[in-house]
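What follows is a single structure, written as structure tokens, with notes after it.
Numbering (our numbering), first residue to last: 113 to 204.
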């Protein structure tokens with residue numbers, strides 16, 4: 113199979129302190145990834161606040177960064193056939 117025939121899966125992992133985008137091959141191996149941390153705000157004891165715009169920007173930056181790495185390996189974003197997402201279950 114030539115590199116242009118390969119298909120991949122993307123995953124957005126939006127965690128409590130960072131966002132990551134990972135690109136996997138059909139064997140489940142990570143081909144490219146990028147992680148971006150963002151700030152937490154502690155208004156008072158036991159509280160954590162997050163800027164939703166900063167979260168969105170961190171996801172966008174992570175996707176762009178991973179895709180740049182993916183492209184540098186000779187692949188095209190169009191080969192990513194689906195994207196899954198995980199989020200901060202404990203804070204939603």
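Glycine included, every Cβ here is placed at the ideal spot set by N, Cα and C.
First and last residue of the uninterrupted beta strand (DSSP E) at residue i
i, result
"residue 188", "Unbroken run through residue 188: none, as it is neither H nor E."
Residues that DSSP places opposite residue i in a beta bridge
i, result
"residue 175", "Paired residues: none, contrary to the question."
Beta-carbon proximity list for residue i, same chain, < 6 angstroms, skipping 5 on both sides
i, result
"residue 128", "200"
"residue 194", "121"
Span separating the alpha-carbon of residue i from that of residue j
i, j, result
"residue 160", "residue 154", "5 angstroms"
"residue 131", "residue 165", "13 angstroms"
"residue 174", "residue 198", "14 angstroms"
"residue 149", "residue 172", "12 angstroms"
Nonlocal neighbours in the same chain, by C-beta distance under 8 angstroms from residue i, ignoring five residues either side
i, result
"residue 118", "137, 138, 187, 191"
"residue 134", "122, 123, 125, 142, 144, 145, 178"
Can you list, in chain order, the stretches of the alpha helix (DSSP H) that have 4 or more residues and sit fully within the segment 114-172? none
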